[in-house]
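**Q** In our numbering, the protein residues as written are 198 to 378.
(1) Can you confirm whether the segment 243-251 touches the segment 351-370 when touching is taken to mean that 3 or more C-beta pairs between the two stretches lie within less than 8 Å?
(2) Please state whether DSSP places residue 313 in a helix, a strand or coil.
(3) Just how far apart, CA to CA, sit residue 352 and residue 313?
(4) By DSSP's criteria, residue 208 is part of a beta bridge. Which residues make up the other side?
(5) Apply the 10 Å Cβ neighbour rule to residue 222 and answer buried if 16 or more other Cβ atoms are within range, or exposed otherwise.
(6) Go ahead and label residue 292 buried or exposed: buried means 16 or more other beta carbons lie within 10 angstroms of its beta carbon, across all protein chains shown.
(7) Contact between the segment 322-331 and the segment 270-281: three or more CB pairs below 8 Å?
(8) Under the three-state reduction of DSSP, which class applies to residue 240: helix, strand or coil?
(9) Can you list, in chain order, the residues of its chain whose CB lies under 7 Å from that of residue 297, leaving out five sequence neighbours each side?
(10) Buried or exposed, going by whether 16 or more other CB atoms sit within 10 Å of the CB of residue 303?
(11) In chain order, what residues of the same chain lie with their CB nearer than 7 Å to the CB of residue 268, ignoring the 5 residues before and after it?
(12) What does DSSP give as the partner residue(s) for residue 329 in the beta ladder?
(13) Rounded to the nearest angstrom, how far is the Cβ of residue 372 from that of residue 232, given a contact under 8 Å?
(14) Nearest to residue 274 by alpha carbon, out of 199, 236 and 294?
As structure tokens, this is what we get:
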């Protein structure tokens with residue numbers, strides 16, 4: 198089954214001193230880098246997804262800032278496609294689906310940020326489009342979330358969203374497990 202690596206929003210604003218710092222983004226990006234290195238070594242398709250905010254009230258991923266740039270740990274090569282998006286779902290109003298279909302891709306290996314938002318939305322949409330999905334859980338990052346005055350710890354948010362995706366929408370694996378298979 199032909200696979201592509203999808204790296205979602207691994208961008209500077211999610212790292213230390215960024216506008217929306219996540220929990221352990223360096224660790225997640227280094228796991229994503231290991232998977233990326235395998236895809237490059239095998240000359241398999243790699244697609245980087247880059248979020249650019251278009252809303253006036255946006256506080257991060259603002260065009261023409263350092264924060265919107267893809268992090269150096271997973272910088273795209275010249276030959277690797279970069280899909281620019283403006284919504285959590287990487288398929289919405291982009292050419293991602295067309296690109297995957299043109300290359301006869303059937304499986305997506307997904308890494309990225311934020312687990313609870315863009316990784317979740319993209320994985321669910323991909324499954325709905327008929328793709329077999331593998332989410333590399335330790336190559337994803339999220340943050341603390343709040344609901345009804347209660348703060349949910351990022352580690353719990355991460356586990357909850359990955360467990361939910363693992364139920365039907367994808368297989369969730371860690372990077373080492375994926376690389377050994």
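For each residue, glycine too, the CB sits at the ideal point set by N, CA and C.
**A** The short version:
(1) Three or more Cβ pairs closer than 8 Å define a contact, and the segment 351-370 falls short of that threshold against the segment 243-251.
(2) Numbered from its first residue, the chain shown carries residue 313 at position 116. It is helical.
(3) As a working mapping, residue 352 is identified with position 155 in the chain shown. As a working mapping, residue 313 is identified with position 116 in the chain shown. A direct Cα-Cα distance of roughly 11 Å separates residue 352 from residue 313.
(4) Here residue 208 is taken as the residue at index 11 of the chain shown, counted from 1. Assignment of beta-bridge partners to residue 208 by DSSP yields 267.
(5) Within the chain shown, residue 222 is the residue found at index 25, counting from 1. A residue is called buried once 16 or more other Cβ atoms fall within 10 Å of its Cβ, and residue 222 is buried on that count.
(6) Along the chain shown, one-based indexing puts residue 292 at 95. With fewer than 16 other Cβ atoms from the protein chains shown falling within 10 Å of its own Cβ, residue 292 counts as exposed.
(7) Segments in contact, no.
(8) Here residue 240 refers to the residue found at position 43 of the chain shown. In the structure shown, residue 240 falls within a coil segment according to DSSP collapsed to helix, strand and coil.
(9) Counting from one through the chain shown, the residue named residue 297 turns up at place 100. Here the set comprises 201.
(10) One-based indexing of the chain shown puts residue 303 at position 106. Under this definition residue 303 is an exposed residue.
(11) Counting from one through the chain shown, the residue named residue 268 turns up at place 71. Closer than 7 Å at the Cβ level, and outside the excluded window around residue 268, lie 207, 208, 209, 212 and 226.
(12) The residue given as residue 329 occupies position 132 in the chain shown. Per DSSP, 304.
(13) Position 175 of the chain shown, counted from the start, is the residue given in the question as residue 372. Position 35 of the chain shown, counted from the start, is the residue given in the question as residue 232. Residue 372 to residue 232, Cβ: 6 Å. Contact.
(14) For the purposes of this step, residue 274 is identified with residue 77 of the chain shown, where counting begins at 1. Closest by alpha carbon: 236.
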